[in-house]
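Counting from 48, one number per residue, gives the positions in the sequence shown under this note's numbering.
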Amino acid sequence: MGSSPSTLVEEEKATWKKPHALQVDRELHEKQRPLIARFGKDLSLCWSTRMLEGKPVRHYFVTDGKLIMAFADGVKVAGSVEVKSLSYKVGSYQVEKMVECTNEVRQRMEVVCGGCNHSYCLRNSEHLCKYIISGS
């Protein structure tokens with residue numbers, strides 16, 4: 048007797064069989080890439096707390112206060128890197144770092160736009176957003 052792994056755990060394990068490099072959905076990339084030009088000159092690296100199987104986890108995103116770029120939604124394994132309107136209320140997330148949205152930052156945003164092989168262990172929102180902000 049014992050408990051079996053959750054669906055989320057099984058979905059996560061399945062992502063480990065995929066190539067470690069970020070895969071990009073070309074159609075989503077082409078659709079979302081023009082939106083990157085709409086980001087303002089100042090960006091924030093932010094996170095909000097989400098509950099994942101009863102445990103608090105940080106879901107990271109990059110925002111200019113109007114738009115966000117985020118990888119997945121922080122509550123399920125499947126997800127893509129998308130640009131959308133900021134829907135978080137002020138005070139519901141933490142700002143970790145603020146940077147200028149330079150050409151280099153925008154280029155990194157373009158590289159990851161449409162990324163589609165999210166993994167909590169290997170390719171998660173923190174990895175992606177810190178790469179956008181710092182290049183590493």
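Backbone N, C-alpha and C define an ideal beta-carbon position, used for all residues, glycine too.
Spatial neighbours of Y140 within its chain, please: CB distance less than 7 Å, with the 5 preceding and 5 following residues excluded, ordered by chain position.
Closer than 7 Å at Cβ, skipping near neighbours: C93, W94 and S95.
Could you tell me if G121 is buried or exposed, where buried requires 16 or more neighbouring beta carbons within 10 angstroms of its beta carbon?
The predicted model places G121 with a pLDDT of 49, which falls under 50 and marks its position as unreliable; any figure quoted below should be read in that light. It counts as buried.
Span of the beta strand (DSSP E) holding L92?
For L92, the enclosing beta strand (DSSP E) stretches over residues D89 to L99.
Beta-carbon within less than 8 Å of M48's beta-carbon, same chain only, minus the 5 sequence neighbours each way: which residues are those?
Residue confidence is low: M48 scores 45 on pLDDT, short of 50, so the model does not pin down where it sits. Its coordinate-derived value is still stated next. Answer for M48: no residue qualifies.
Tell whether a beta-carbon distance below 8 Å holds between E180 and K131.
Position check: residue 180 holds Ile in this sequence, whereas Glu was assumed. K131 is positioned such that its CB atom lies no closer than 8 Å to that of I180.
How far does the alpha helix (DSSP H) with K102 in it extend, from its first residue to its last?
Following the DSSP letters along the chain, one finds K102 in no alpha helix (DSSP H) but inside the beta strand (DSSP E) bounded by residues K102 to T110.
Would L75 and S127 be called neighbours here (beta carbons separated by less than 8 Å)?
A contact, by the Cβ cut-off of 8 Å.
Considering only the beta carbon of each residue, do F108 and C176 sit closer than 8 Å?
Yes, these two residues count as a Cβ contact at 8 Å.
M78 to D72 span [Cα, whole Å]
Just to set this straight, residue 78 is Lys in the shown sequence, not Met. Those two C-alpha atoms are separated by around 10 Å.
Do you know how far the Cα of K64 is from the Cα of R153?
Our two residues, R153 and K64, have alpha carbons roughly 30 Å apart in a direct line.
Burial state of T149, where buried means 16 or more other Cβ atoms lie within 10 Å:
When all chains shown are included, T149 counts as exposed.
Opposite E147 in the DSSP bridges: which residues?
DSSP lists D89 as partners of E147.
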